[in-house]
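Student: This is the structure I want to talk about, given as structure tokens.
Residue numbers (the numbering used here), protein chains in the order written: chain A, 1 to 427; chain B, 1 to 244.
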């Protein structure tokens, strides 16, 4: 009996010892090294329900027999590294994917960022190389993102590729209502070999951002000079209202903007004038830890419902048996440059609702994202479920469902439904 | 007669005024005993589920003045490089992939689990709270605190403070509705050097997360005075440059 008691005591002591030891923390776990790197690998399986009768189908799947389903498997990676010595930092981020489906097998690798930073002081740094500028406060859209590739509102947190440029970043903290002021000038060359997709080649594009933290509000005043694209000016703001609510907004004006428009008779016209785009949004955290992100977006260079209809008619005519290759080339050009870009319409609402750890399911996050074109009343809904309970592993299942009548933006997309499974391992 | 009434009222109010004053001084003393006004520290956060499964985070953080704190995630790999910044009621989160700081609110949690942003980016208690009552009970001081503004994460705090060390042993956090949100237990007082002697372990439980527990382990706390510009959005992606 006594032996049992002693054994039980010893076992209890041992368990307590392990428990205490488990809470130990050794600083060598995170010792700093001049060379640091990190990244992830992922695997994705996707199932697409296609719309062979939609206007954009022949543009997305050219030269293939109409099909209603497609399965794709892909693997991807992202590798980020930096080497720091004194005031110099060399940094890079490389990403790649390999994908296979019944129509195509392809792979690619791209430097998202790669550059050199000189930081002579805490408040001053200079960068040269491929950089990703992220101007603006919007979650799904950034009308003031003057020197970056646009976000995909279906997946706003997706990594994006930067542009090659030189920039400086200066910031000063101040006492009082104006708590900080910052200034960032940018210089970006564009030619046939460098940043060629930004706009007109053989131009040096200049821009600047003035940042103010004034009365607990982040404010940016932004400018991009005329060069590869027309001159643009803008401002944005973001502010917390209480412990649960944040509000933000952006406004941008493109001065003397021109864009191609398909007229109702099928001819191609040009629209010119100042284009104002703006965004108003909020982020609200409810007491039961549900996060709501709501944004209203007015795209100053977006297309109205009848303009979309004229474009879809042009595409239908071009890919009809009587269509010519010149008409098809024109349709492709209009799609790539404007009409088929994500959210090319003029008025949108974005809503994302995500619940943290609902029903005591720790690390489980269900979410629903909706993008609605309020002009033509077409929309896209994306319910998803993610799990991050295993260290350095992320699992996500997501469906994307598009809805709209014929002649509407989301009603004429080539893919009507999509289901994706993603497994990602961080290292 | 009126003068007598006035004097009686004044005498009745006097002890409360003295206590309030003592409570404020006591709270400021607790703040300084917990951390120097300007410091750097490295902590481990552990979220433990009822079945014993754990998720761990390691954070490097710096603080300056009464209300400026910045923290950088060093581990796990999925969160490495994330940083958070707080200036008073303003809070931002920087995620390397997203690439720009976004405003967050104090009640959100960047780690999941019982700790929220206000726990991770804690500023001085005396900066956010007024002392509504202070008393003594055996070997402890008891302090009731009320948030100065609605932007503070918890509306009321009840502190149990060890008289000998003037360090908290237990803090109960309440929502404006009066609901107990969480309880923090301060343990293992340790000498970190440089005159800093404070609890090395803070355990947190919450009736909202029955059976779950979050633990914060302090491995290094050092006095350090960094430039004001460290606490700006522009520096969030460069916080790692401060580590030695």
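Using N, Cα and C, we set each Cβ at its ideal position, and we do this for glycine too.
1) Within its chain, find whatever has a CB closer than 8 Å to the CB of residue 21(A); leave out the 5 residues flanking it on each side and keep chain order.
2) From 48(B), 34(B) and 121(B), pick the residue whose C-alpha is nearest to that of residue 211(B); which is it?
3) Going by the CB atoms, is the gap between residue 353(A) and residue 374(A) shorter than 7 Å?
4) Determine, for residue 169(A), whether the minimum Cβ-Cβ distance to residues of chain B falls below 7 Å.
5) So, does the CB of residue 227(B) fall closer than 7 Å to a CB anywhere in chain A?
6) When you compare the CB positions of residue 416(A) and residue 402(A), do they come within less than 7 Å of one another, or not?
7) Give every residue of the same chain whose Cβ lies closer than 6 Å to the Cβ of residue 395(A), excluding the five residues on either side of it in the sequence, and list them in chain order.
8) Quick one: does residue 426(A) have its CB under 7 Å from some CB of chain B?
9) With distances taken Cα to Cα, identify the nearest neighbour of residue 260(A) among 43(A), 331(A) and 69(A).
10) Can you give me the C-alpha to C-alpha distance between residue 113(A) and residue 182(B), rounded to a whole angstrom?
11) Under 7 Å, Cβ to Cβ, is there at least one residue of chain B near residue 246(A)?
12) By the criterion of Cβ-Cβ separation under 8 Å, what are the contact partners of residue 119(A) in chain B?
13) Using only the alpha-carbon positions, how far apart do residue 481(A) and residue 70(A) sit?
14) Name the chain B residues that come within less than 8 Å of residue 182(A), Cβ to Cβ?
15) Which residues in chain A have a C-beta closer than 8 Å to the C-beta of residue 46(B)? List them in chain order.
16) Going by the DSSP bridge assignment, what does residue 251(A) pair with across the sheet?
17) Anything in chain B within Cβ reach of residue 30(A), meaning under 8 Å, just list it in chain order.
18) When you compare the CB of residue 242(A) with every CB in chain B, is at least one pair closer than 7 Å?
19) Considering only C-alpha positions, which residue in the set 155(A), 66(A) and 40(A) is nearest to residue 383(A)?
20) For my contact list, residue 314(A) and residue 262(A) are in at a C-beta cut-off of 8 Å; report their separation, rounded to the angstrom.
21) Please state whether DSSP places residue 152(A) in a helix, a strand or coil.
22) Should residue 142(A) be labelled buried (16 or more other beta-carbon atoms within 10 Å of its own) or exposed?
23) In this structure, what does DSSP give as the bridge partners for residue 259(A)?
24) Can you tell me which of the three DSSP states residue 120(B) falls into?
25) Please decide whether residue 34(B) counts as near chain A, where near means a Cβ-Cβ distance under 7 Å.
26) I want to see whether chain A comes within less than 7 Å of residue 10(B), judged by CB atoms only; does it?
27) Note down, in chain order, all residues in the stretch 79 to 107 of chain B with a beta-carbon under 9 Å from any beta-carbon belonging to chain A.
28) Answer yes or no: does any C-beta atom of chain B fall closer than 7 Å to that of residue 216(A)?
29) In the DSSP assignment, what are the bridge partners of residue 43(B)?
30) Use the C-beta contact count for residue 248(A): other C-beta atoms within 10 angstroms, 16 or more gives buried, fewer gives exposed.
31) Give the straight-line distance between the Cα atoms of residue 222(B) and residue 35(B), rounded to the nearest whole angstrom.
32) Can you find the residues in the same chain that come closer than 8 Å, C-beta to C-beta, to residue 393(A), ignoring five residues on each side of it along the sequence?
33) Whole angstroms is fine: what's the gap from residue 55(B)'s alpha carbon to residue 120(B)'s?
34) Mind reading off the beta-carbon distance from residue 115(A) to residue 78(A)? Whole number of angstroms is fine, and I expect it under 8 Å.
35) Assign residue 406(A) to one of three DSSP states: helix, strand, or coil.
Tutor: Looking at the coordinates:
1) Reliability fails at residue 21(A), whose pLDDT of 42 lies under 50, so the model's placement of it is uncertain and no value is given.
2) 48(B)
3) no
4) yes
5) yes
6) yes
7) 387 and 423
8) yes
9) 331(A)
10) 42 Å
11) yes
12) 238 and 241
13) As displayed, chain A neither begins before 1 nor continues past 427, which places residue 481(A) out of reach and without an answer.
14) 232, 233 and 234
15) 23
16) 235(A) and 278(A)
17) 42, 58, 60, 74 and 75
18) yes
19) 155(A)
20) 5 Å
21) coil
22) buried
23) 271(A)
24) helix
25) no
26) Because residue 10(B) carries a pLDDT of 49, less than 50, the predicted location of this residue cannot be relied on, and no value is offered for it.
27) 79, 80, 81, 87, 88, 89, 90, 91, 92, 95, 96, 97, 98, 99, 100, 101, 102, 103, 104, 105, 106 and 107
28) yes
29) 59(B) and 218(B)
30) buried
31) 9 Å
32) 423, 424, 425 and 426
33) 16 Å
34) So it is not a contact: roughly 17 Å between Cβ atoms.
35) coil
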